[in-house]
Amino acid sequence: MAQGSKKFKTQRPGADKKAHHIKPKGPRKGGRSIAPKKTQVVEQQKLKKNLEVAIRNNIEKEVTQKASLTLHKPLSLVKGAERKRKPGEGIPGSSSK
(Lines of atoms letter the chains of each structure in order from A and count residues from 1; the text may use other names and numbers.)
(Lines give C-alpha, C1' and ligand atoms only; values in the text may rest on other atoms or scores of the structure.)
Protein backbone atom coordinates (compact mmCIF):
# COMPACT_ATOMS: atom_id res chain seq x y z
CA MET A 1 0.00 0.00 0.00
CA ALA A 2 1.02 3.53 -0.64
CA GLN A 3 2.18 5.52 2.29
CA GLY A 4 0.94 8.97 3.24
CA SER A 5 -2.47 10.63 3.03
CA LYS A 6 -4.56 10.90 -0.10
CA LYS A 7 -4.29 14.17 -1.93
CA PHE A 8 -7.70 14.11 -3.58
CA LYS A 9 -11.04 12.84 -2.47
CA THR A 10 -12.31 10.22 -4.88
CA GLN A 11 -15.71 10.66 -6.42
CA ARG A 12 -18.08 7.87 -7.28
CA PRO A 13 -19.03 7.78 -10.94
CA GLY A 14 -22.61 8.88 -11.57
CA ALA A 15 -22.88 10.84 -8.32
CA ASP A 16 -23.25 14.49 -9.30
CA LYS A 17 -22.59 17.29 -6.91
CA LYS A 18 -25.38 19.76 -6.25
CA ALA A 19 -24.93 23.01 -8.11
CA HIS A 20 -24.03 25.88 -5.83
CA HIS A 21 -26.69 28.57 -5.63
CA ILE A 22 -25.23 31.81 -6.92
CA LYS A 23 -26.68 34.87 -5.23
CA PRO A 24 -27.55 37.72 -7.60
CA LYS A 25 -25.45 40.81 -7.11
CA GLY A 26 -26.84 44.30 -6.98
CA PRO A 27 -30.15 45.69 -5.70
CA ARG A 28 -33.21 43.49 -5.47
CA LYS A 29 -36.44 44.16 -7.30
CA GLY A 30 -39.57 45.37 -5.55
CA GLY A 31 -40.44 47.75 -2.79
CA ARG A 32 -39.13 47.57 0.71
CA SER A 33 -41.19 47.92 3.83
CA ILE A 34 -39.22 48.59 6.97
CA ALA A 35 -41.04 48.02 10.23
CA PRO A 36 -41.23 51.21 12.29
CA LYS A 37 -39.38 51.39 15.57
CA LYS A 38 -42.16 53.34 17.26
CA THR A 39 -45.78 52.27 16.97
CA GLN A 40 -46.91 55.66 18.26
CA VAL A 41 -45.62 57.28 15.07
CA VAL A 42 -47.64 54.81 13.00
CA GLU A 43 -50.79 55.68 14.94
CA GLN A 44 -50.15 59.40 14.37
CA GLN A 45 -49.72 58.84 10.64
CA LYS A 46 -52.93 56.81 10.49
CA LEU A 47 -54.84 59.56 12.31
CA LYS A 48 -53.36 62.22 10.03
CA LYS A 49 -54.38 60.30 6.92
CA ASN A 50 -57.93 59.78 8.19
CA LEU A 51 -58.23 63.50 8.99
CA GLU A 52 -57.00 64.43 5.51
CA VAL A 53 -59.59 62.14 3.93
CA ALA A 54 -62.37 63.58 6.09
CA ILE A 55 -61.36 67.17 5.28
CA ARG A 56 -61.17 66.42 1.54
CA ASN A 57 -64.61 64.78 1.56
CA ASN A 58 -66.05 67.76 3.45
CA ILE A 59 -64.58 70.20 0.93
CA GLU A 60 -65.99 68.16 -1.97
CA LYS A 61 -69.46 68.22 -0.40
CA GLU A 62 -69.31 71.99 0.11
CA VAL A 63 -68.15 72.63 -3.45
CA THR A 64 -70.87 70.45 -4.96
CA GLN A 65 -73.47 72.10 -2.77
CA LYS A 66 -72.40 75.60 -3.86
CA ALA A 67 -72.26 74.51 -7.50
CA SER A 68 -75.74 72.98 -7.38
CA LEU A 69 -77.17 76.20 -5.92
CA THR A 70 -75.62 78.50 -8.54
CA LEU A 71 -76.39 76.42 -11.66
CA HIS A 72 -79.65 76.77 -13.58
CA LYS A 73 -79.86 73.03 -14.21
CA PRO A 74 -79.90 70.51 -11.39
CA LEU A 75 -76.41 69.17 -10.75
CA SER A 76 -76.10 65.41 -10.98
CA LEU A 77 -72.95 63.69 -9.80
CA VAL A 78 -71.92 60.16 -10.64
CA LYS A 79 -70.26 58.39 -7.75
CA GLY A 80 -68.95 54.87 -7.56
CA ALA A 81 -70.18 52.49 -4.92
CA GLU A 82 -68.30 53.26 -1.75
CA ARG A 83 -67.46 50.37 0.50
CA LYS A 84 -64.56 49.56 2.73
CA ARG A 85 -62.26 46.87 1.42
CA LYS A 86 -60.01 44.61 3.35
CA PRO A 87 -56.27 45.13 2.64
CA GLY A 88 -55.95 41.72 0.95
CA GLU A 89 -59.01 42.23 -1.24
CA GLY A 90 -58.42 43.39 -4.79
CA ILE A 91 -60.44 45.59 -7.07
CA PRO A 92 -63.67 43.89 -8.14
CA GLY A 93 -63.85 42.91 -11.79
CA SER A 94 -60.12 42.35 -12.13
CA SER A 95 -58.33 39.07 -11.81
CA SER A 96 -54.89 38.54 -10.36
CA LYS A 97 -53.95 35.47 -12.38
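Using full-length UniProt numbering, you'd call the opening residue of the sequence shown number 1 and step up by one each time. Yeah, the Cβ is synthetic: ideal placement off N, Cα and C, and Gly gets one too. Computed from a prediction, not measured in an experiment: that's the story for all the values here.
State yes or no: is the C-beta of residue 65 nearer than 7 Å to some heavy atom of the ligand SAM? Although the ligand SAM was asked about, the structure shown includes no ligands whatsoever.
For residue 36, which residues in the same chain have their Cβ closer than 6 Å to its Cβ, ignoring the five residues on either side in sequence? Against the sequence shown, residue 36 aligns to sequence position 36. Hits under 6 Å: 42.
Ends of the alpha helix (DSSP H) at residue 3? Taking the first residue of the sequence shown as 1, we reach residue 3 at position 3. Premise fails: residue 3 is in no alpha helix (DSSP H) and is neither H nor E.
Enclosing alpha helix (DSSP H) for residue 63 [first to last residue]: Numbered from its first residue, the sequence shown carries residue 63 at position 63. Residue 63 -> alpha helix (DSSP H) spans 39-70.
Between the CA atoms of residue 64 and residue 78 - distance to the nearest angstrom: As a first step, residue 78 is located in the sequence shown; it is residue number 78 there, counting from the start. As a first step, residue 64 is located in the sequence shown; it is residue number 64 there, counting from the start. Each residue's Cα considered, the two are about 12 Å apart.
Roughly how many angstroms separate the alpha carbons of residue 9 and residue 40, rounded to a whole number? By one-based count along the sequence shown, residue 9 stands at place 9. By one-based count along the sequence shown, residue 40 stands at place 40. Approximately 60 Å, taken between the alpha carbons.
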